[in-house]
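Each residue of the sequence shown is one higher than the one before, starting from 1431 at the first, in our numbering.
Idealized CB from N, CA, C, for every residue including glycine.
Treat the numbers as computed from the prediction; the structure is a model and nothing was measured.
Below is one structure, written out as structure tokens; the observations come after it.
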Amino acid sequence: MSLLETSVGVGDMVLLDPLNEESLLKNLDKRFQHNEIYTYIGNVVISVNPYQKLPIFGPEFIDKYKEYNFYELKPHIYALANEAYQSLRDHDKDQCIIITGESGSGKTEASKLVMSYVAAVCEKGEEVNSVKEQLLQSNPVLEAFGNAKTIRNNNSSRFGKYMDIEFDFKGSPLGGVITNYLLEKSRVVKHVKGERNFHIFYQLLAGADAQLLKALKLEQDGSCYSYLNCEASRVDGMDDAANFRAMKNAMDIIGFSTEEFQHILEVVAMVLKLGNVELGDEFQANGVAGSSINDGKVIKDISDLMGLQSEVLERALCSRTMETKTEKVVTTLNKIQACYARDALAKNIYSRLFNWIVNRINEKIKVSNSAKKKVMGVLDIYGFEILKNNSFEQFVINYCNEKLQQVFIERTMKEEQEEYTKEGIAWDKIDYFDNSIICNLIEHNQQGILAMLDEECLRPGMVTDSTFLAKLNQMFSKHNYYESRVTQNAQHQHDPTLGLNCFRIQHYAGKVMYDVNGFLDKNNDLLFRDLSQALWSSKHPLLRTMFPEGDPKQASLKRPPTAGTQFKNSIATLMKNLYSKNPNYIRCIKPNEHQQRGVFSSDLVGIQARYLGLLENVRVRRAGYAYRQVYSAFLHRYRMLSRSTWPHWHGQSREGVEKLLEELTLDSKELAFGRTKIFIRSPNSLFYLEEQRRIRIHQLAALIQKIYRGWRCRTHYQLMRKSQILISAWFRGNAQKKRYGKIKASTLLIQAFVRGWKARKEYRKYFRSGAALHLSNFIYRCMARKFLLSLKDNLPSQITDNRWPSPPYKAFNLANQELKRIFHHCRCKKYWDQLSPQKKEALKEKLCASELFKGKKASYPGSVPVPFRGDYVKLHEKPKLQTVAEGPVLMAETVNKVNRANGKMTPRILLLTKSHVILVDANGSKVKTVIGLENVAEVSVSSLQNGLFGLHLTEISSVGAKGDFLLVSDHVIELLTKLYQAMLDKMKKQLPITVTEEFTVKFKDGNMTVKVIQSQKGGQGNKISCKKKGSNQLEVLA
């Protein structure tokens, strides 16, 4: 019952006393100053916009409110959402939440809070979460295209929105349907100073990258476009670029494709650029005024975006085709008419784009199956408006609010009557204002203002706004809720505030004067057929679908329904929908005009309170009995006020309430006992009960405190007494333990000394016999320590240093050798770990060369310090050789090939790859021989200081059939090492390398013995001479 216990004003204004406008405003102000922005009128929530973030929202508060009933906690929008959701889920009652208020009062935020609460409390699951996310993400998209900055609100919804959220039998959301009402499309072409166009235009220019803007033929500077108000291009606290990204992300989540998103932006760009189409005067040959396009580039850009020829669009903007059943007449438009056609086109394109987006969202979030569903509707619609200049838009908005007020009064009175009948309470007729007469004044099918407006729009002849006003004056001259200058004159009244072109209607919220100028044009909402047909013929897929009436095959001479008729029909559908559901109301109030936190303007709030009919709402709720409660809850709250019911009542709850109220001596006229509830007529009686309860609670609290203090003192004394006894017992026991411990320790010490004395006396004679062994062990340890310390200070510093200190004693020879081996291995491993992978590979090649040629060939020692280069012909400068190799080259150098016939030598370039040995002529232009490694059988090499070696091939190969090769290399150690490793990698076998001074090579004509002889001249290097001795022997002088 926190609602009654709150100390800030009155939480439910049904209990307000006295009840008048002043006390109502004072109560709202008092609660607002304490950040209590929500107040009840029965089950209606009044929400005052705080213009700041308050710590009363989020998961913590959602969890809190979903566990309690409506009146059990402080007034909150979560309480209303919870009541509606639980009634839908548990009682199968379709719900509707109606959110009203003027611009800037927080209607959009209220609808978001309701949807976020419902999304948070319903069941979780992957599919359910996806549906919830789609429903929530529809808000950023609709805000981007339907909201704008106004003087009153930076994020004002310029359309009405009704969303039906559909649930399954468990209360999980399945999908929804969105209906939009009366988008303010006139804002596209005109808005007052200090306001902005729709958000999407600014978001597109701020958030799109340069490539996208170029594709849309747009500039980032908003001052380039006449439809945008440059003075208010930026809004404090609003990041257009971030909102553009959020809108795009929301579209992705809902299910818009990339192509659809691009098409939408293209249509937005068309509307933006249409404002830059400048029209000029042009006179025809017959003197008739016409019009023309001043800047052909702008019209060409728009035509390119539309996929239309610029001549077609220009003709549609500057001329009009009048068509009857028998003939077709083309007339030119003057500059004023052409400007009207341009603006009408821009408004229609944007309005139809908005409707298409809403329908596309509905396709994504609609429920596919036809099973029975529960429905919760959320209506976020404009509140009652009285502006300085009220036109057609304010007229239909106020008509909508009249219908909503009618729903509220009828449903509220019906609920009151049903409850009184159900409880068996006598029903007294309640006097209240029935606004159905005002609704009939506006919506009557034959004699309503909207019917008159349609009739005037369709009437042939000279029709103006003045003729429409004259018709209204004639029809409603004696109507009590209609007045104009003509009707006042007839009644001999004079009101200078009522203009000549105006009429005034007495709405439920007050009198509103409407200026009829523009009523006919806004109701007609004409778009010339030439423009519809031009856009239908465009190649733009989205634009074409938005203008189906432009299809010549579906052309109709029948006028489309007027804007007023469309709005009236949609309101009728909405009313039918609302009457089929249980309504819940949120009335939003704007506390000040400047959107400042903590500022409460009583005059402004008073006007809104009258517009919203808050005082009327309270009076309707208080008609009869102001407070009612079920017997059990009432008895539970007030049982402490009677000795008969406190602390426990064992009888029926109603009997306990009757006994309780009998002892309190309340006036019987103030009470009524229903079947399940107690009814209290005036708030004063309830406040008397609350005051008596407060006093009794203080008395009971004092009694509880007295008993508690006595119990605490007794308990404390008993605990201290037990503690004192326990401490004394532990102290005495501890003292005895310490004394026993000291005695025991002393006894053990004496025993130890006695035993030691006996042991020393017994074994004293044996002490000298073991002294020699101890001395020798000590000497050996000292010698070993001295040896190891000396060795530590004389260790070799370089890895190539093979010196090692000799041991001082022969006994240490074996240990010294083992230490030398361990140290060498450790030093080598440390050096190896520091090497890079390339150096490791180089050392592996050197190790392989050592295993093959160390101690066998005289040129090996000279090759040890020389790094293996691999490339000795500058292979990177010869691309032809690289293409010949067809893979990585392991070795490339110039060798001399010994001729088989005469022993002469011919230079060749040898390329060694992972799979071939390739011989190329010295110029590198022609491949002479390609030898696969699998065809190499053996290599023979001389042990002398020369580079001669024989390459023996297998006989079965095609190359081997010609014979072996006798080659001379300057880097024979490196070449044969790399050949050996390549053979091992490819063939997984070792290449036999024979070091000998005489070997046999096989040629095609037969075998030849090669004999290497050392020259007596002592020459150095690889210079050799070959001389053929006979037909089967070759002598090589090295």
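query = Whole alpha helix (DSSP H) runs in the region 1682 to 1734 with 4 or more residues, listed along the chain?
reply = The DSSP assignment places 1688 to 1704 as complete runs of the alpha helix (DSSP H) inside the region 1682 to 1734, in order along the chain (cut-off: 4 residues).
key: Element boundaries [alpha helix (DSSP H), containing P1971]   = Per DSSP, P1971 belongs to the alpha helix (DSSP H) from 1971 to 1976.
key: Contact the region 1741 to 1750 vs the region 1960 to 1972: 3+ CB pairs below 8 Å   = Here the region 1741 to 1750 makes contact with the region 1960 to 1972; the two share three or more CB pairs at distances below 8 Å.
query = Taking C-beta to C-beta, are A1768 and S1721 nearer than 7 Å?
reply = Going by C-beta atoms, A1768 is nearer than 7 Å to S1721.
query = Relative to the C-alpha of S1896, which residue among A1856, P1926, Q1918, Y1944 is closest?
reply = With distances taken between Cα atoms, S1896 lies closest to Y1944.
request  = In the DSSP assignment, find the unbroken beta strand (DSSP E) run with Y1592 in it and report its ends.
outcome  = For Y1592, the enclosing beta strand (DSSP E) begins and ends at 1590 to 1597.
task = Tell me whether S1962 sits in a helix, a strand or coil according to DSSP, three-state version.
result = In the structure shown, S1962 adopts helical secondary structure according to DSSP, grouped into three states.
task = For the region 2318 to 2381, list the beta strand (DSSP E) runs that are entirely contained and at least 3 residues long, ordered along the chain.
result = The DSSP assignment places complete beta strand (DSSP E) segments of no fewer than 3 residues inside the region 2318 to 2381 at 2319 to 2328, 2335 to 2343, 2346 to 2351, 2357 to 2362, 2366 to 2371, in order along the chain.
inquiry  = Does the region 1802 to 1813 come into contact with the region 1522 to 1529, if we say contact requires no fewer than three beta-carbon pairs (one atom in each stretch) closer than 8 Å?
reply    = The region 1802 to 1813, when compared against the region 1522 to 1529, does touch it at the 8 Å Cβ threshold.
message = With the cut-off set at 7 Å, would you say R1772 and V1707 are in Cβ contact?
response = Result yes, Cβ atoms of R1772 and V1707 sit closer than 7 Å.
query = In terms of residues, what are the limits of the alpha helix (DSSP H) holding L2409?
reply = For L2409, the enclosing alpha helix (DSSP H) begins and ends at 2402 to 2417.
ask   = Between S2072, A2279, H2024, which lies nearest to N1479 when the distance is taken from Cα to Cα?
value = Among S2072, A2279, H2024, the Cα nearest to that of N1479 is on H2024.
ask   = Three or more C-beta pairs closer than 8 Å, one from the region 1970 to 1983 and one from the region 1907 to 1916: is that the case here?
value = Touching, no, given that fewer than three Cβ pairs across the two stretches are closer than 8 Å.
request  = Verify whether the separation of the beta carbon atoms of D1669 and F2030 is less than 7 Å.
outcome  = No, they are not a contact pair.
ask   = So what does DSSP say about K2441, is it helix, strand or coil?
value = Of the three classes helix, strand and coil, the one that applies to K2441 here is strand, per DSSP.
task = List the whole-angstrom C-beta distance separating G1685 from K2020, where the pair is believed to meet the contact cut-off of C-beta under 8 Å.
result = 36 Å between Cβ atoms; not a contact.
task = Quick one: grab the DSSP three-state call for H1924.
result = Coil.
ask   = Just curious, the beta strand (DSSP E) that Q1767 is in, first and last residue?
value = No beta strand (DSSP E) holds Q1767; the alpha helix (DSSP H) holding it covers 1765 to 1795.
Stretch pair the region 1666 to 1680 + the region 1568 to 1579: three plus CB contacts closer than 8 Å = Pairwise C-beta distances place the region 1666 to 1680 in contact with the region 1568 to 1579, as three or more of them are shorter than 8 Å.
task = Starting from G2494, follow its DSSP beta bridges and name the residues at the other end.
result = This structure does not reach residue 2494, given that the chain is present from 1431 up to 2468, and the question cannot be answered.
inquiry  = Helix, strand or coil for M1431? Go by DSSP, reduced to three states.
reply    = Any reading at M1431 must be qualified, since the residue scores a pLDDT of 44, below 50, and its modelled position is unreliable; no value is offered.
query = Going by Cα to Cα distance, which pick from I1868, I1867, L1902 is closest to L1883?
reply = Measuring from the Cα of L1883, the nearest candidate turns out to be L1902.
Spatial distance of G1813 from G1737 (CA atoms) = Rounded to the nearest angstrom, the two C-alpha atoms are 41 Å apart.
ask   = For the 8 Å Cβ check, are there 3 or more pairs between the region 1833 to 1843 and the region 2008 to 2017?
value = Contact holds between the region 1833 to 1843 and the region 2008 to 2017, because three or more Cβ pairs, one in each stretch, are under 8 Å apart.
ask   = With a CB to CB cut of under 7 Å and the five nearest residues on each side skipped, what residues in its chain are close to H1874?
value = Within the same chain, H1874 has close Cβ partners A1881.
query = Under three-state DSSP, which class holds Q1552?
reply = Looking at the sequence itself, residue 1552 is Cys, so the reference to Gln does not match. Coil, per DSSP.
query = Going by other Cβ atoms of all chains shown within 10 Å of its Cβ, with 16 needed for buried, is M2150 buried or exposed?
reply = With fewer than 16 other CB atoms across the displayed protein chains lying within 10 angstroms of its CB, M2150 is exposed.
query = Where does the unbroken beta strand (DSSP E) through V1759 begin, and where does it stop?
reply = Per DSSP, the continuous beta strand (DSSP E) segment holding V1759 begins and ends at 1758 to 1762.
request  = Please check the pair N2326 and L2406, which I expect to be a contact at CB under 8 Å, by giving their CB distance rounded to whole angstroms.
outcome  = That belief does not hold up - the Cβ atoms of N2326 and L2406 are roughly 16 Å apart, past 8 Å.
request  = Give me the Cβ distance between I1476 and L2044, rounded to the nearest whole Å; I'm assuming they're in contact under 8 Å.
outcome  = Between L2044 and I1476 the Cβ distance is about 7 Å, and since that is below 8 Å, they are a contact.
key: Three-state class that DSSP yields for D1493 in the structure shown   = DSSP, read as helix, strand or coil, puts D1493 in helix.
task = Return the chain-ordered ranges of every beta strand (DSSP E) run that is complete within the region 1900 to 1959 and spans a minimum of 3 residues.
result = Here the runs fully enclosed are 1912 to 1914, 1932 to 1937, 1940 to 1945.
request  = Using the Cα positions of M1431 and L2042, report the straight-line distance between them to the nearest angstrom.
outcome  = At M1431 the pLDDT is 44, less than 50, meaning the model places this residue with poor confidence and gives no usable figure here.
query = Looking at the unbroken beta strand (DSSP E) that takes in T2424, where does it start and where does it end?
reply = Element bounds for T2424: 2423 to 2425.
Any non-hydrogen atom of the ligand GTP closer than 6 Å to M1545 Cβ = As for the ligand GTP, it is missing from this structure, which has no ligand bound.
ask   = Could you give the C-beta distance for K2107 and Q2148, rounded to a whole number, given that I count them as a contact under 8 Å?
value = Not a contact, Cβ separation roughly 50 Å.
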